[in-house]
Amino acid sequence: MTQNSALSQIHMQIMWNRLIAVVEEQAQTLIRTAFSNTVREAGDLSAGVFDLEGRMLAQAVTGTPGHVNAMAAAVAHFLAKFPAAGMREGDVYITNNPWQGTGHLHDFTVVSPTFRNNRIAGLFACTSHVVDVGGRGWGTDARQVFEEGLHVPIMPLASQGKMNEMLLELVRANVREPITVEGDLYSLAACNEAGSRRLVEMMDEFDLEMLDGLGRHIIENSTHAMLEEIRALPAGVYRNHLRVDGYDTELDLVAAMTIGPTGIDVDFTGTSGESPRGINVPLTYTQAYASFGVRCLIGSTVPNNAGSLGTVRVSAPEGSILNARPPAAVGARHILGHFLPDTMLGCLYQAAPERTPAEGASCLWNALLYGGHGFAGATKRDPGPAFMLTCFHAGGAGARPSRDGLNATAFPSGVRNTPLEVNEAISPIVFTRKEYRCDSGGPGRQRGGVGQVMEFTHGGGAPFVVSAMFDRVKNPARGRSQGKNGAHGKVLTGSGRKLNTKGQQLIPADDKLVLEMPGGGGYGDAYARDPAAVALDVRDGLVSRAAAKRDYGVVLTGSGRVNAEATARLRAERPRQAAE
Amino acid sequence: MAGSDGRARLAVDIGGTFTDIALEVGDKLHSAKVLTTPQAPEEAVMQGVDLVLRQAGVPASALAFVIHGTTLATNAIIERKGARTALIVTEGFRDSVEMAFENRFEQYDIYIEKPKPLVPRYLRWPVKERVNAQGEALTPLDEKSVQALLPLIKKHKIESVAIGLLHAYANPAHERRVAEILRQALPDLWITLASEVCPEIREYERQSTACANAYVQPLMARYVANLEKRLKAIDLVGPLYMMMSGGGLSTVATAVKFPIRLVESGPAGGAILASRIALECGLKHVLSYDMGGTTAKICLIDDGQPQSSRSFEVDRVYRFTKGSGLPLRIPVIEMVEIGAGGGSIARVDALKRITVGPDSAGSEPGPACYDRGGTLPTVTDADVALGRIDPGLFAGGTVKLAPERSGQALAQAVGQQLNLDGPLAAFGVSEVVDENMANAARVHAIERGKDFAARALVAFGGAAPLHATRLAEKLGLDTVVVPTGAGVGSAIGFLRAPVAYEVVRSRYMRLAKLDIALVNAMLAEMQKEARDIVRAGAPDAVLHERREAYMRYVGQGHEIVVDVPVRTLTQADLATLQQAFDATYGQLYGRTIPGMEVEILTWTLSVASPTERPMPQALPPSRPTPAAHGRRKVFDAGKTDFVDYAIYLRDDLGAGARVPGPALIVEQQTTTVVSPNFDALVDGHGYIVLQRRRAA
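From first to last, the protein sequence lines are chains A and B.
Here the first sequence is numbered in this note's numbering, starting from 599 and rising by one per residue.
Here the second sequence is numbered in this note's numbering, starting from 10 and rising by one per residue.
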């Protein structure tokens, strides 16, 4: 290699690293300035830099899987309407169109051109979830997207540095929290600006006229690295089928994954049709979570960009619930989205069983609680002050082939919970329980992660409303390689009445909402689990003595130690067919 | 710390590998470095103290005081060698301390493990009680449920107990009563109240902090008592102060009560030293850059004050990955630490990219050029291959380097993979590590709402001066200062620290409905607590006080820290606080949101004894450049080729000496690279000040 090409190779790498740092700064700016709690606490955002063709060159590591390539695809829609050639310095474009953006009206995507020496050099895009878009509020209950709030088609948010005041006024007039939503739109614009500034500095430092050469380097190397990993897998078609609870009828997610020399193609033909409620998924969001599921196993260290994303291609038949068309309601599209990684892992298990974890609780258990006038009207008592509280919680994750599943930990969502002390400080809700749920982890050589139990009351004794978005109540997380299923979830009142898993429901005065979150599936034969590990689980109250004996064939002494002899005897007695 | 009446002062910093001792007699500094003795750390301390006292010819009895910092608490946590600890919680909430944030700290890694809690579930016990966010008891404490724990404490041989009840930051009565009952029955039990060690809202972080405190307390108490005895035995009767992670000193009594506040004392010493240097050099905005064998630490310093924070993570499962450790809510000096040190190992990944760290070759086997069996190339190997380190002068000639080993290791692990010949592979490694540090520094500044413009770099630690000018070029900085004695920088920093203490209280309030009387009463109580503690260590000093409120717009998730006037507040101060919030918010985020309500979650109050504030010295008159000690070929980043560099010995350069780049300035512990874009000048303190030449 000549000295020059060797040096340019080093420079390419340094610039690639820098570009990733630039978009990370862009994302951090968004997190620091955002109002929406899902952005700050849960990282429900994404940020990236694009070339003038709309190819993504780098995406911030900080961000949600739900936007993985949804935001990347969105930029193409922006460019189709507003070609790069016509953009001027200080222009900013925006949309929350669920089909062209990232799947529901709550997500706004903003695209801004970067100018250097009066020439357009690249584009920055970012997406974040705002607290409110009007309509019915976030939930599953809408029948059409029109009920879900204000829709902003792709249009300028600012032109040559001047904000689109008419748009802002419309937004303010249509949402419940005008100041914070407007603040979030400003913060989206500001984070692109921060990215642009850094990009210009970088191009100055490296004396770079265009991003083309660097872009080619990034895309080619990433494609190559992905294909190398994909080609190491046995080629073939792998099918999987996952049943979920749905709104009021159960739904089937059916996937065929083709692993071949040019990449991975996923097809969701056979999946259930659209729902009359707000759990439909636009294709772009399906692509995001399905692709994320693949990437958890394949190419997990390859940065996201047009090259790496292009090697995993996802399609679903139009009119299926994973490619729902307007005007289907899509507000709670995350529920099915969260099941797609498990659907993908079920396919990959056949190609790489030794690497693939069991199914987990998958869907977040987000408790949206409302109270006050209009919400809790079905009572003679004072409805109490108006409030709205969103908490994010998780059941157990699936067991891994070499490790137990993580207890009460979100996967695939990257969400963080909010402290219950903070939730109590800012709302009238008082929690009476938040603990691991014994025996909820699927038995296996590696145990599924346990779920948790949470109880919510109204501190003022008033009724309140839950907007339910729960799943895995009818269909538990399945184990793999003889591992057993995790426990079903339960949604109850304190008095023991079963509630629906979806939709707004009243919790009467002086009653409780009880959520028993599902556990993850187990991996491997539970009878092969190290008895000492079972004894530790019993000691810690994660597995009961009865379950230790029944599910694991482990007998403990009075003081909790393994009774080796009795355990060996019990394990030997197990019917033959279950063993191998 | 001031107030030694000109008597000699001693500082001791126990690190993982070395125990550093610094002795200051008048303005003369003596130092020693001895190997740490992990089994009985006081052994190394006594050895080093003896060494340095003899070196200076000062009797132990002449010392005004001793300041001590140690990683003992941190190591006990990392190695899980603390006390058998139990946690007492509100019934129904046994698992907050383990559930943490219910998230994964690495999005794409499905194999992560979370940090193991210090107190396993079977030792987390409930008591019947409940307090709400307003501090009202919803369920009174059922004392029988506390009594029921006594046999469990005995059965499980518990040495130390943390009590962490919900909302006890708002009303600690139940925690106090639980402690009373336990103490009465078991007078030897160590007891930590979460409402004392961290009276802050957010149950997970508070309980985590309390557990860590309880976990290290018996060990630290035994160690400090031992050390005091040993010091007395050699007639060292001056008081012993402990260095805390927030940058202040405390008495032994306070340290034993809250040992968790000692965890990051070493790095804090480094940051204090850098702050002091900033003041001495008249530099308003500084980036302190400490690069040693395994990590680089970067800290922002403004007006002589390092950035402070109340959150820290210990024992990260994934080194340097946020969220993978146990959170501690204690006052700390805020810095970012990345796996970029002289020993960090370089590789090529699947994408044909050079990666550096986070793992390190350490001192055994060390970099390949040490020729002690290490075959993996490190940053030091790259520095050797690029000619920046003169193998004959390394460590004053005491360590013989084998430069050919560097070349071989680099060729094998990097060069052959990427088809790069010798120096280019080394250049790639060096550029990547410098770029990593620059990127970490930029993101850190963004997170803290700070800018880089017009900052100077203060570079210390064995590897920093080798990389400082390149890092400055990458960050667009014009000035770099390389101080003297940087090898025992933390210990020297200890000598500059004030006696100080910070008290925190959480009370959730809307600013518009602020209960002024309640706030004043709370601040008065906090002031008394802090002053009493500081007075014990600095009886006669005029104390300096700072108050801060952690505020945010209603509904936001992160608070910003706003200065609060040090006086009794009046109704008129609602406007003062609003203005202070607006100003701080605007500075951090570039704008405010008019009309949006503001809430306060937490208040802090800190009291400190005064520190001497050095006046910047004028630069000494310029002296002619002394003759070069030698010359060598050094690979230059700008020219991307070997260039002729002059070699100077730092000891030969007196105040006023000027060295134009390109040059190497060699000293016992490090080498300063003066790139062709910089000129070096030795100032009145003996510091090397590197100034970027402006392009004409």
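The beta carbon of each residue, even a glycine, is placed where N, CA and C say it ideally should be.
Short Cβ contact (8 Å threshold) for residue i with residue j
i                : j                : result
G1046 of chain A : G1057 of chain A : no
V513 of chain B  : G546 of chain B  : no
R201 of chain B  : I339 of chain B  : Reading off the sequence, residue 201 of chain B comes out as Thr, not Arg. Their beta carbons are not under 8 Å apart, which means T201 of chain B does not touch I339 of chain B by this criterion.
Y657 of chain B  : V643 of chain B  : no
L967 of chain A  : G891 of chain A  : no
G416 of chain B  : G396 of chain B  : no
V34 of chain B   : A65 of chain B   : yes
S644 of chain A  : H675 of chain A  : no
Q580 of chain B  : E554 of chain B  : no
G917 of chain A  : G871 of chain A  : yes
L614 of chain B  : R544 of chain B  : no
V647 of chain A  : L617 of chain A  : yes
Q1044 of chain A : Y947 of chain A  : no
S284 of chain B  : K1032 of chain A : no
A264 of chain B  : T94 of chain B   : no
I828 of chain A  : G781 of chain A  : no
V691 of chain B  : A666 of chain B  : yes
G350 of chain B  : A305 of chain B  : yes
V326 of chain B  : E111 of chain B  : no
Boundaries of the alpha helix (DSSP H) in which residue i is found, first to last residue
i                : result
Y1150 of chain A : 1143–1150
C220 of chain B  : 212–242
I602 of chain B  : I602 of chain B -> no alpha helix (DSSP H), and no H or E assigned at all.
K153 of chain B  : 152–156
K42 of chain B   : Taken as a continuous stretch (DSSP letters only), K42 of chain B belongs to no alpha helix (DSSP H), being part of the beta strand (DSSP E) at 37–44.
P432 of chain B  : 431–456
R941 of chain A  : Strictly speaking, residue 941 of chain A in this sequence is Thr, with Arg absent from that position. Segment 938–949, the alpha helix (DSSP H) holding T941 of chain A.
H675 of chain A  : 668–679
Counterpart residues of residue i in DSSP-defined beta bridges
i               : result
G834 of chain A : A:I857
M251 of chain B : B:H77, B:S259
A357 of chain B : First, the amino acid is wrong: residue 357 of chain B is Val here, not Ala. DSSP lists B:I363 as partners of V357 of chain B.
P711 of chain A : A:L721
Y131 of chain B : According to DSSP, which records beta bridges pairwise, Y131 of chain B is partnered with nothing at all.
L715 of chain B : It is not possible to answer for residue 715 of chain B, since the shown part of chain B is limited to 10 through 705.
Beta strand (DSSP E) segment containing residue i, residue limits
i               : result
L292 of chain B : Neither: L292 of chain B is in no beta strand (DSSP E) and is coded neither H nor E.
T725 of chain A : 717–727
Y559 of chain B : 553–562
D572 of chain B : 569–573
A69 of chain B  : Per DSSP, A69 of chain B belongs to no beta strand (DSSP E) and is neither H nor E.
S757 of chain A : 753–757
P625 of chain B : Looking at the DSSP string, P625 of chain B is not in any beta strand (DSSP E), and its letter there is neither H nor E.
Rounded Cβ spacing between residue i and residue j (contact assumed at less than 8 Å)
i               : j               : result
A454 of chain B : D460 of chain B : 7 Å
T99 of chain B  : I23 of chain B  : Incorrect: roughly 38 Å between the Cβ atoms, too far for contact.
V140 of chain B : L96 of chain B  : The Cβ separation is near 17 Å, so there is no contact.
P776 of chain A : N695 of chain A : P776 of chain A to N695 of chain A, Cβ: 21 Å. No contact.
D649 of chain A : L809 of chain A : 5 Å
Taking a cut of 9 Å between CB atoms, which residues from the segment 631–650 of chain B lie near chain A?
Taking 9 Å as the upper bound on Cβ-Cβ separation, chain A lies near residues T649, D650 of the segment 631–650 of chain B.
Chain A contacts made by the segment 202–232 of chain B, where a contact means CB separation under 9 Å
I210, R211, E212, Y213, E214, R215
Scan the segment 982–996 of chain A for residues whose Cβ lies nearer than 8 Å to a Cβ of chain B and list them as they occur along the chain.
F990, H991, A992
The segment 448–478 of chain B: which residues have C-beta closer than 8 Å to a C-beta of chain A, in chain order?
N448, R451, V452, I455, E456, G458
Return the residues of the segment 102–132 of chain B that lie within a Cβ-Cβ distance of less than 8 Å from chain A, sorted by chain order.
F102, R103, D104, S105, E107, M108, F110, E111, N112, R113, Q116, Y117, D118, I119, Y120, I121, E122, K123, P129, R130, Y131
Between the segment 138–156 of chain B and chain A, which residues of the former have a C-beta closer than 9 Å to a C-beta of the latter?
R139, N141, A142, Q143, L147
The segment 879–891 of chain A: which residues have C-beta closer than 7 Å to a C-beta of chain B, in chain order?
none
Note down, in chain order, all residues in the segment 345–371 of chain B with a beta-carbon under 8 Å from any beta-carbon belonging to chain A.
D358, A359, L360, K361, R362, I363
Taking a Cβ distance cut-off of 7 Å, strictly less, list which residues of the segment 509–532 of chain B are near chain A, in chain order.
So the list reads Y517, given in the order they occur along the chain.
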